[in-house]
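Take a look at the structure set out below.
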Amino acid sequence: MPQYILRRLLQLIPVFFGTTFLIYALVWAVPGDPFAGKCGQVACPPAYIEMMTAKFNLDDSIFVQYFKYLGNLFTGDWGETFNGVSVGELIGNAYPVTVRLALIAVAIEAIIGLSAGVLTGLRGKGFLDNLVLMSTTFLISIPVFVTAIVLQIVLGSELGIIDASVSEDATIGELIVPGIALGSLSMAYIARLTRTSIAENRHADYVRTAVAKGQPRSRVVGVHLLRNSVIPVLTFIGTDIGALMGGAIVTEGVFNINGIGGLIFRGIQNREGATVTGVVVLLVMVYLLVSLIVDLLYAVLDPRIRYD
Amino acid sequence: MTDPNVAGGVSSVDVASAGVADDSAVAHKPRSLGGDAWRMLRKRPSFIISAVIIALVVLIAIAPDLFSSRPAGFSDLLHANEGPSADAWFGYDNQGYDVYARTIHGARASLLVGVFATILTILIGSVVGIVAGYYGRLVDSLFSRVGDIFAALPFVLGAIVILTTFNAPGSNPGVVTIIVQVVVSIAALSWPVAMRIMRSATLVAKQLDYVKAARGLGASTPRIVFRHLLPNTVAPVLVYGTIALGAFIGAEATLAYLGVGVRPPVVSWGVMISDARDYFRVNPHMLLFPAGFVTITVLAFVMLGDGIRDALDPKAR
Amino acid sequence: MTDELLLEVEDLHVEFRTSDGVATVLNGVDYSVHAGETLAVLGESGSGKSVTAQTVMGILDSPPAVVTGGAVRYRGENLLTATEERRREVRGGEIAMIFQDALSALNPVFTVGFQIEEQLRVRLGMSKKDARKRAIELLDIVRIPAAARRVREYPHQFSGGMRQRAMIAMSLALDPDLLIADEPTTALDVTVQAQIMDLLAEIQAERRMGLILITHDLAVVAEVADRIAVMYAGRIVEQADVTELFRSPGHPYTEALMASLPRLDLKGQTLETIKGLPPSLLNVPPGCPFHPRCPRAESRCETERPALHSLGFGRVSACHFADEVVSGRV
Numbered sequence: 001m002p003q004y005i006l007r008r009l010l011q012l013i014p015v016f017f018g019t020t021f022l023i024y025a026l027v028w029a030v031p032g033d034p035f036a037g038k039c040g041q042v043a044c045p046p047a048y049i050e051m052m053t054a055k056f057n058l059d060d061s062i063f064v065q066y067f068k069y070l071g072n073l074f075t076g077d078w079g080e081t082f083n084g085v086s087v088g089e090l091i092g093n094a095y096p097v098t099v100r101l102a103l104i105a106v107a108i109e110a111i112i113g114l115s116a117g118v119l120t121g122l123r124g125k126g127f128l129d130n131l132v133l134m135s136t137t138f139l140i141s142i143p144v145f146v147t148a149i150v151l152q153i154v155l156g157s158e159l160g161i162i163d164a165s166v167s168e169d170a171t172i173g174e175l176i177v178p179g180i181a182l183g184s185l186s187m188a189y190i191a192r193l194t195r196t197s198i199a200e201n202r203h204a205d206y207v208r209t210a211v212a213k214g215q216p217r218s219r220v221v222g223v224h225l226l227r228n229s230v231i232p233v234l235t236f237i238g239t240d241i242g243a244l245m246g247g248a249i250v251t252e253g254v255f256n257i258n259g260i261g262g263l264i265f266r267g268i269q270n271r272e273g274a275t276v277t278g279v280v281v282l283l284v285m286v287y288l289l290v291s292l293i294v295d296l297l298y299a300v301l302d303p304r305i306r307y308d
Numbered sequence: 001m002t003d004p005n006v007a008g009g010v011s012s013v014d015v016a017s018a019g020v021a022d023d024s025a026v027a028h029k030p031r032s033l034g035g036d037a038w039r040m041l042r043k044r045p046s047f048i049i050s051a052v053i054i055a056l057v058v059l060i061a062i063a064p065d066l067f068s069s070r071p072a073g074f075s076d077l078l079h080a081n082e083g084p085s086a087d088a089w090f091g092y093d094n095q096g097y098d099v100y101a102r103t104i105h106g107a108r109a110s111l112l113v114g115v116f117a118t119i120l121t122i123l124i125g126s127v128v129g130i131v132a133g134y135y136g137r138l139v140d141s142l143f144s145r146v147g148d149i150f151a152a153l154p155f156v157l158g159a160i161v162i163l164t165t166f167n168a169p170g171s172n173p174g175v176v177t178i179i180v181q182v183v184v185s186i187a188a189l190s191w192p193v194a195m196r197i198m199r200s201a202t203l204v205a206k207q208l209d210y211v212k213a214a215r216g217l218g219a220s221t222p223r224i225v226f227r228h229l230l231p232n233t234v235a236p237v238l239v240y241g242t243i244a245l246g247a248f249i250g251a252e253a254t255l256a257y258l259g260v261g262v263r264p265p266v267v268s269w270g271v272m273i274s275d276a277r278d279y280f281r282v283n284p285h286m287l288l289f290p291a292g293f294v295t296i297t298v299l300a301f302v303m304l305g306d307g308i309r310d311a312l313d314p315k316a317r
Numbered sequence: 001m002t003d004e005l006l007l008e009v010e011d012l013h014v015e016f017r018t019s020d021g022v023a024t025v026l027n028g029v030d031y032s033v034h035a036g037e038t039l040a041v042l043g044e045s046g047s048g049k050s051v052t053a054q055t056v057m058g059i060l061d062s063p064p065a066v067v068t069g070g071a072v073r074y075r076g077e078n079l080l081t082a083t084e085e086r087r088r089e090v091r092g093g094e095i096a097m098i099f100q101d102a103l104s105a106l107n108p109v110f111t112v113g114f115q116i117e118e119q120l121r122v123r124l125g126m127s128k129k130d131a132r133k134r135a136i137e138l139l140d141i142v143r144i145p146a147a148a149r150r151v152r153e154y155p156h157q158f159s160g161g162m163r164q165r166a167m168i169a170m171s172l173a174l175d176p177d178l179l180i181a182d183e184p185t186t187a188l189d190v191t192v193q194a195q196i197m198d199l200l201a202e203i204q205a206e207r208r209m210g211l212i213l214i215t216h217d218l219a220v221v222a223e224v225a226d227r228i229a230v231m232y233a234g235r236i237v238e239q240a241d242v243t244e245l246f247r248s249p250g251h252p253y254t255e256a257l258m259a260s261l262p263r264l265d266l267k268g269q270t271l272e273t274i275k276g277l278p279p280s281l282l283n284v285p286p287g288c289p290f291h292p293r294c295p296r297a298e299s300r301c302e303t304e305r306p307a308l309h310s311l312g313f314g315r316v317s318a319c320h321f322a323d324e325v326v327s328g329r330v
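If you read the sequences in order, they're chains A, B and C. Heads up: the first sequence is residues 1 to 308, going by the working numbering. Heads up: the second sequence is residues 1 to 317, going by the working numbering. Heads up: the third sequence is residues 1 to 330, going by the working numbering.
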């Protein structure tokens, strides 16, 4: 098991450097004037340009720039926007909201998805099964932003159940509907994955053995069947957490949530290089960390992986 | 589907059996998996429905003038924001455009992006995946890490960065340029999924006895790849490709909605949805019709992909 | 031997309802097992030997399987008409079953110890500590070395033979009176096969358990069985003491099976096979199921289904010409 963890860590390191460098290069290395529009309608004064160039190491080669940047990151200096606002502070204000939203979305999608999947997987063909199949196919097909807009309109403007926009410091209650929109796609996937997994494992030999042993049905399903069937589902949920923490740009945009999604979108529009790279580095780290945890989770759940 | 990378994750096709013919019966013609699959598919109502929808959408994309007498640019400000009527089946938008005409003409851009993005993704993913799977070890590690690097980027985020990097706000790229950029962005972020599918299919196929036998007999690498490995990997890639096509059409809509994808004067469903964003209260049909078309098209591809996967699954026979 | 009668399967009929039609999988099966006795049920794939056992246990997949007639009497009680609760009690507690592939039959995500202790804790209410102790004892009984360590390991960490032993240990946890072994050694090496068969024989003798051994392997049967029931196309075609059966088979199918065994003293000659295929169960023809492949077949075999004809001393054979078949060999 320790070798497994070590191996995965070693695999993650080059990926971290690769991804962050890729983004850094995309943001800073592309030809063009990085200062366009920074000083209003007029071109920026030479003194300003000189100061900024020094600050952002723009005279160095892209590789040197990158490593200096990383060096700063690891000492806690996430840089500043062109206006001197601390990127670290911006992120610190925005990320907690995104995390809350992501966790709410995961909770909703897991609860509904798992329940639907278990029920239909056990029962087999029938009305409920067809209903779940059709609705999940439908949910998978609708782009998330359409779901978000529709929910916002129907529940917000038309029925008045929620506010169309989320307040400055969003509470959990306010984040439920955005959470539903954000999680709708994954919820459909979880339901189908669970259903397939249970339907397949239902006829497995070890289930037959458990029945032949005279174990009560509640244990055959609840312990033997479930424990095996949820493995792929739990690992999917794990990866989804990582993906959702990656910022729900679209959902946050529709509901006006001041999370990381909005932050980075504005950063890209305004060509705030420091903000963009800072956010992406953070998101990549979170994603890699979460995927490592998911791999460990997989090993915990399935002993066959552990003793490879 | 905002994240097409989820599309490849749930395939359960048994790759090893996918290419093996069933030769147990002596008396009649050997039934291949493909033949059986086609027979099964033909009977399924969901397959028929999705095939019809897709055929219709393709037709609309190829020959929009068959369906709409008005060009996409037709505009009559006098009727702005009117609802559906006999004259304009989907009504008019806030600038007086005929929503129906635009929806019809918009199919082409949306479909083109989807098709080309899928082809490119599968091309890149397949080549890298087969090479990684076949040669293994160092080559495999290298390519897998490269794939991981691209996979670590969240889709929407990565696409926005790529597209705005190459198009500073305010610049005005040509139609072809922008479509190419969108296609490349989607493919650049999605190829790792295709690669993983191909790679695992290749790994399984490599272990098959008859492939080992072919290598033992000294068959050349291209021969092994084309005649033995590739046929075994077609099934999962086909399923992925179908569903990915749908996902990419959705992705195009999402990117257009965010303002970084296809943009005016090109009309696509995503562009229409983006334009409709602020006018929903006044003019709901302006958004709902293109959104509906996107949803139904994606739905058709997802159902098709599901149908193909079930038909090709030897366990379900 | 007046050992008590444990199990009596009486005229069992089972159908499988599929989209291709209704398959008559069991077409009138009768056999019985006494305490301390080993009954081998011999037959090829599709003969219905496993389905019979599963019907006894009540673990058939139902749909598509339907029991359409007959009785399964355990110590006189008809299990087919018993409540589900009672059937569950019987499973594991009185009649236990072990399966062919221990790797897939054991749950891969739980330790072997957990799976054995589960029986003791859930069904007998034992404490965790006692259950653990007893599980280790059971593993010792089936001769798994280092049982105390092994009890914490997972099935995939065991070798094939050890896994099968573990499954046997699990089946003994509740001290059943009857053990059904469905092809327990088919997936194992020949040397390991012998060890497992020895183990089964030993355990059975010690506990005076009844043992139903389902197999398609004649060699295994010869070593271990007291009586043999030969099945073909969902029916019993012959039942006899093992020595009698091998000395002079009483049914053409059994004859053909014996003849197809490779023999060292007939080196260099072509192996005998039974020409043709077993009949489709979807469309059961009247008459004897074996007649298309039978060298002795006559016109009445096509239309008249042979009943189990008594050959004396408890021997039966479902053939119109059973007497001739038996005497033809002696």
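Ideal placement from N, C-alpha and C gives every residue a C-beta, glycine not left out.
Quick check: the Cα distance between C:Arg134 and C:Arg143, rounded to an integer number of angstroms? As a position in the third sequence, residue 134 of chain C is number 134, starting the count at 1. As a position in the third sequence, residue 143 of chain C is number 143, starting the count at 1. One alpha carbon belongs to C:Arg134, the other to C:Arg143, and they sit about 14 Å apart.
Between the CA atoms of C:Leu179 and A:Thr98 - distance to the nearest angstrom: One-based indexing of the first sequence puts residue 98 of chain A at position 98. One-based indexing of the third sequence puts residue 179 of chain C at position 179. Straight-line spacing of the CA atoms in A:Thr98 and C:Leu179 works out to 59 Å.
Give the secondary structure of A:Leu282 by DSSP, where H, G and I count as helix, E and B as strand, and everything else as coil. On the first sequence, residue 282 of chain A is found 282 positions in, with the first residue counted as 1. Helix.
What did DSSP end up calling C:Ser32 once you bin it into helix, strand or coil? Walking along the third sequence from the start, residue 32 of chain C turns up at place 32. Note: C:Ser32 maps to strand in three-state DSSP.
For A:Gly214 and chain C, any beta-carbon pair shorter than 8 Å? For the purposes of this step, residue 214 of chain A is identified with residue 214 of the first sequence, where counting begins at 1. Yes, A:Gly214 counts as interfacial toward chain C.
May I ask which residues mark the beginning and end of the beta strand (DSSP E) holding B:Ala276? Here residue 276 of chain B is taken as the residue at index 276 of the second sequence, counted from 1. Premise fails: B:Ala276 lies in the alpha helix (DSSP H), 269 to 276, not in any beta strand (DSSP E).
Along the alpha helix (DSSP H) that carries A:Gln65, what are the first and last residues, could you check? In the first sequence, residue 65 of chain A corresponds to position 65, counting from 1. Annotation for A:Gln65: the continuous alpha helix (DSSP H) segment containing it runs 62 to 74.
Does C:Thr270 come out as helix, strand or coil in the three-state DSSP assignment? By 1-based counting over the third sequence, the position of residue 270 of chain C is 270. DSSP places C:Thr270 in coil when its eight states are reduced to three.
For A:Leu283, go through chain B and note every residue whose CB falls closer than 8 Å to its CB, in chain order. As a first step, residue 283 of chain A must be located in the first sequence, where it is residue number 283. Near A:Leu283 (Cβ distances below 8 Å), the residues of chain B are Pro154, Leu157.
Please tell me whether A:Leu182 and A:Leu101 are closer than 8 Å, where the distance is taken between their beta carbons. As a working note, residue 182 of chain A is residue 182 in the first sequence. As a working note, residue 101 of chain A is residue 101 in the first sequence. Result yes, Cβ atoms of A:Leu182 and A:Leu101 sit closer than 8 Å.
Locate the alpha helix (DSSP H) running through C:Asp265, then write down its first and last residues. Here residue 265 of chain C is taken as the residue at index 265 of the third sequence, counted from 1. No residue range can be given for C:Asp265, since it is assigned to no alpha helix (DSSP H) and is classified by DSSP as neither H nor E.
By alpha-carbon positions, which one of A:Asn270, A:Ser61, A:Gly113, A:Gly84 ends up nearest to A:Tyr48? Here residue 48 of chain A is taken as the residue at index 48 of the first sequence, counted from 1. If we check each option's Cα against that of A:Tyr48, A:Gly84 comes out closest.
Spatial distance of C:Arg17 from C:Ala65 (CA atoms): Within the third sequence, numbered from 1, the residue matching residue 17 of chain C stands at position 17. Within the third sequence, numbered from 1, the residue matching residue 65 of chain C stands at position 65. If you take the alpha carbons of C:Arg17 and C:Ala65, they lie about 6 Å apart.
Do three or more CB pairs link the region 113 to 131 of chain C to the region 201 to 221 of chain C at distances below 8 Å? Contact fails: fewer than three Cβ-Cβ distances are below 8 Å.
Any 3 or more C-beta pairs closer than 8 Å across the region 249 to 264 of chain B and the region 290 to 299 of chain B: Yes, since at least three Cβ pairs between the region 249 to 264 of chain B and the region 290 to 299 of chain B fall closer than 8 Å, the two stretches touch.
Which two residues bound the contiguous alpha helix (DSSP H) that contains A:Ile257? Taking the first sequence and counting its residues from 1, the one referred to as residue 257 of chain A is at position 257. Unbroken run through A:Ile257: none, as it is neither H nor E.
Using a beta-carbon distance below 8 Å, is A:Leu288 in contact with chain B? What you label residue 288 of chain A is simply residue 288 of the first sequence in a count that begins at 1. So yes, A:Leu288 belongs to the interface.
Spatial distance of B:Val180 from A:Pro2 (CA atoms): Stepping through the second sequence from its first residue, residue 180 of chain B is reached at position 180. Stepping through the first sequence from its first residue, residue 2 of chain A is reached at position 2. Per the coordinates, the alpha-carbon of B:Val180 lies some 46 Å from the alpha-carbon of A:Pro2.
Less than 8 Å between the C-beta atoms of B:Val271 and B:Thr164, yes or no? Numbered from its first residue, the second sequence carries residue 271 of chain B at position 271. Numbered from its first residue, the second sequence carries residue 164 of chain B at position 164. Going by C-beta atoms, B:Val271 is not nearer than 8 Å to B:Thr164.
Using the three-state DSSP reduction, which class does C:His309 fall into: helix, strand or coil? Within the third sequence, numbered from 1, the residue matching residue 309 of chain C stands at position 309. Reduced to three states, the DSSP call for C:His309 is strand.
Are the beta-carbon atoms belonging to C:Ile95 and C:Val122 less than 8 Å from one another? Within the third sequence, numbered from 1, the residue matching residue 95 of chain C stands at position 95. Within the third sequence, numbered from 1, the residue matching residue 122 of chain C stands at position 122. No, the Cβ-Cβ distance between C:Ile95 and C:Val122 is not below 8 Å.
Per-residue contacts from A:Arg271 into chain C (C-beta, under 9 Å): Within the first sequence, the letter at position 271 stands for residue 271 of chain A. Contact note: A:Arg271 does not reach chain C at a C-beta cutoff of 9 Å; the least C-beta distance is about 51 Å.
In chain order, what residues of the same chain have a beta carbon less than 6 Å from the beta carbon of A:Ser86, not counting five sequence neighbours either side? Taking the first residue of the first sequence as 1, we reach residue 86 of chain A at position 86. Taken in chain order, the residues that qualify are Glu80.
Considering only C-alpha positions, which residue in the set C:Ala169, C:Ala173, C:Val14, C:Thr270 is nearest to C:Leu281? On the third sequence, residue 281 of chain C is found 281 positions in, with the first residue counted as 1. Nearest C-alpha to C:Leu281: C:Val14.
Count the C-beta pairs between the region 256 to 275 of chain A and the region 292 to 305 of chain A that are closer than 8 Å, then say yes if the count reaches three, no if not. Verdict: no, contact absent.
Can you tell me where the alpha helix (DSSP H) holding B:Asp65 begins and where it ends? Within the second sequence, the letter at position 65 stands for residue 65 of chain B. Looking at the DSSP string, the run of the alpha helix (DSSP H) that includes B:Asp65 is 64 to 67.
Compute the Euclidean distance between the alpha carbons of B:Ser268 and B:Ser85, then round it to the nearest angstrom. Numbered from its first residue, the second sequence carries residue 268 of chain B at position 268. Numbered from its first residue, the second sequence carries residue 85 of chain B at position 85. Taken atom to atom, the span from the alpha-carbon of B:Ser268 to that of B:Ser85 is near 23 Å.
In the DSSP assignment, the alpha helix (DSSP H) including B:Gly106 goes from what residue to what residue? Sequence index remark: in the second sequence, residue 106 of chain B carries index 106 (1-based). Unbroken alpha helix (DSSP H) run through B:Gly106: 99 to 135.
Extent of the continuous alpha helix (DSSP H) run through C:Gly70: What you label residue 70 of chain C is simply residue 70 of the third sequence in a count that begins at 1. Element bounds for C:Gly70: not the alpha helix (DSSP H) but the beta strand (DSSP E), 65 to 74.
Using only the alpha-carbon positions, how far apart do A:Tyr69 and B:Ala88 sit? Within the first sequence, the letter at position 69 stands for residue 69 of chain A. Within the second sequence, the letter at position 88 stands for residue 88 of chain B. For A:Tyr69 and B:Ala88, the distance between alpha carbons rounds to 56 Å.
Test: A:Pro303 CB closer than 8 Å to a CB of chain C: Your numbering for residue 303 of chain A matches position 303 in the first sequence. Interface residue, yes.
Test: B:Gly246 CB closer than 8 Å to a CB of chain A: Here residue 246 of chain B is taken as the residue at index 246 of the second sequence, counted from 1. At least one chain A Cβ lies under 8 Å of B:Gly246.
Using DSSP's beta-bridge definition, name the partner residues of C:Ala23. The residue given as residue 23 of chain C occupies position 23 in the third sequence. Answer is C:Phe16, bridged to C:Ala23.
Please report the straight-line C-alpha distance between B:Ala25 and C:Gly276, rounded to a whole angstrom. On the second sequence, position 25 is the one that residue 25 of chain B refers to. On the third sequence, position 276 is the one that residue 276 of chain C refers to. Reliability fails at B:Ala25, whose pLDDT of 33 lies under 50, so the model's placement of it is uncertain and the value that follows must be treated cautiously. One C-alpha to the other measures close to 14 Å.
Go ahead and pull the three-state DSSP assignment for C:Glu304. Locating residue 304 of chain C in the third sequence gives position 304, where the first residue counts as 1. For C:Glu304, the secondary structure class from DSSP, reduced to helix, strand or coil, is coil.
Measure the CB-CB distance between B:Thr202 and B:Leu229 and report whether it falls below 8 Å. Residue mapping note: residue 202 of chain B aligns to position 202 of the second sequence, counting from 1. Residue mapping note: residue 229 of chain B aligns to position 229 of the second sequence, counting from 1. Yes, they are a contact pair.
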